[in-house]
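**Student:** First the structure, which I've put down as structure tokens, then a few questions once you've had a look.
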């Protein structure tokens with residue numbers, strides 16, 4: 005049985021706000037709930053700042069509890085480290101909503117590497133340079149399901165799961181098979 009140490013990183017950078025709700029890994033009917041945010045932000049979520057600090061607040065609207073991120077010229081994220089078998093629990097599900105996308109964003113260039121939201125799944129390796137990541141992004145222009153290398157990290161691939169303004173302002177549920185995505189992207193099994 006292979007063990008995967010995955011680090012989920014929510015990168016929230018859009019001017020305005022983004023909301024993240026429910027992070028789950030699952031196999032069939034079996035689930036590992038990472039967080040439903042029902043009781044606030046779990047202390048296992050840690051903050052990582054890249055440029056300035058995004059303001060994260062726990063919010064509730066009706067029955068939905070979520071994290072709201074407000075950003076203005078900042079880039080930071082929340083990360084959660086979890087160990088599990090990605091082959092046994094290949095699916096990750098999350099819900100997100102962005103109010104805006106960044107008009108100048110362009111996934112194909114370093115200067116345009118800016119998104120309303122992204123979810124990183126990081127697969128650490130013993131040697132740092134062997135660490136790999138899949139970045140599920142809400143792209144600005146990139147077509148949905150397009151996969152391209154990250155402008156900053158050779159072992160990191162961007163997957164456009166949402167794109168453009170059409171779905172902004174709506175809660176979108178995403179489910180990805182990270183095991184199959186990893187195999188398709190890196191042509192090997194996850195570590």
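In our numbering, the protein residues as written are 5 to 195. Quick reminder that beta carbons are idealized off the backbone N, C-alpha and C, glycines included.
Give me the Cβ distance between residue 61 and residue 72, rounded to the nearest whole Å; I'm assuming they're in contact under 8 Å.
**Tutor:** 5 Å
**Student:** Can you say whether residue 140 is buried or exposed, counting buried as having 16 or more other CB atoms within 10 angstroms of its CB?
**Tutor:** Counting every other CB atom within 10 Å of its CB across the protein chains shown gives residue 140 a total of 16 or more, marking it as buried.
**Student:** In the DSSP assignment, what residue or residues form a beta bridge with residue 65?
**Tutor:** Its beta-bridge partners are 68.
**Student:** Determine which residues share a DSSP beta bridge with residue 139 and list them.
**Tutor:** Residue 139 pairs with 124 and 162.
**Student:** Quick one: Cα of residue 189 to Cα of residue 95, how far?
**Tutor:** Distance between the alpha carbons of residue 189 and residue 95 is about 16 Å.
**Student:** So is residue 52 buried or exposed if we call it buried at 16+ other beta carbons inside 10 Å?
**Tutor:** So residue 52 counts as exposed.
**Student:** Taking the CB atoms as reference points, tell me whether residue 178 and residue 78 lie closer together than 8 Å.
**Tutor:** no
**Student:** Could you tell me the distance, in whole angstroms, from the CA atom of residue 16 to the CA atom of residue 67?
**Tutor:** The predicted position of residue 16 is uncertain, since its pLDDT is 44 and thus under 50; a value taken from the coordinates is nonetheless stated next. Looking at the two C-alpha atoms, the distance is approximately 23 Å.
**Student:** Measuring only the C-alpha atoms, how far is residue 80 from residue 156?
**Tutor:** 16 Å
**Student:** Please report the residue range of the alpha helix (DSSP H) in which residue 95 lies.
**Tutor:** No alpha helix (DSSP H) holds residue 95; the beta strand (DSSP E) holding it covers 95 to 102.
**Student:** List the endpoints of the continuous alpha helix (DSSP H) containing residue 184.
**Tutor:** 182 to 190
**Student:** Looking only at C-alpha atoms, which of 163, 142, 107 and 158 sits nearest to residue 149?
**Tutor:** 163
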